[in-house]
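The structure appears right after this line, and notes come after that.
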Amino acid sequence: MGAVIAFFVAKSQLEDPIARIIVGLLVAVVLAIGAFYALYSVRCPECKLRWVWWALKTQPHSRWSHWLYEFTECPQCKHSRG
Ligand SMILES: [Zn+2]
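Throughout, the numbering used here is defined as the position within the sequence shown, counted from one, plus 18.
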């Protein structure tokens, strides 16, 4: 999908305002799908806690992504990560 967008961008060079809008919408849709995929698919194998969702809800705004990289056990059931 990213390659398709990159090809489209390179080909049109975004001179056409309609193409620019379409590319913008495509990028927004892809980002939204990716965000939802991350929210719902990254979860604890034990208790099914959605880790990304949990981090967003409970961690400070500037820290939640940092927390996702650093945490070593599930905040709910203490299941060791990996
Ligand atoms: Zn868990």
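For glycine and all other residues, C-beta sits at the position ideal for the given N, C-alpha and C. A quick note: this is a predicted structure, and the numbers were derived from the prediction, not measured.
Can you tell me where the alpha helix (DSSP H) with residue i in it begins and where it stops?
i, result
"E88", "W82 to E88"
"L43", "P35 to S59"
"L74", "W69 to T76"
For residue i, which residues from the same chain have a beta carbon less than 7 Å from its beta carbon, with the 5 sequence-adjacent residues on both sides left out?
i, result
"Q58", "Strictly speaking, residue 58 in this sequence is Tyr, with Gln absent from that position. R68, listed in sequence order."
"W72", "P93"
"A56", "V70"
"L74", "W82"
Under 6 Å Cβ to Cβ from residue i, same chain only, skipping five residues before and after it: list those, please.
i, result
"S101", "With the chain covering only 19 through 100, there is no way to say anything about residue 101."
"Q77", "W85"
Per the DSSP calculation, residue i is bridged to which residue(s)?
i, result
"E91", "S98"
message = Taking 7 Å as the limit, name every residue whose beta carbon sits nearer than that to some heavy atom of ligand 1, in sequence order.
response = C62, E64, C65, L67, C92, Q94, C95 and H97
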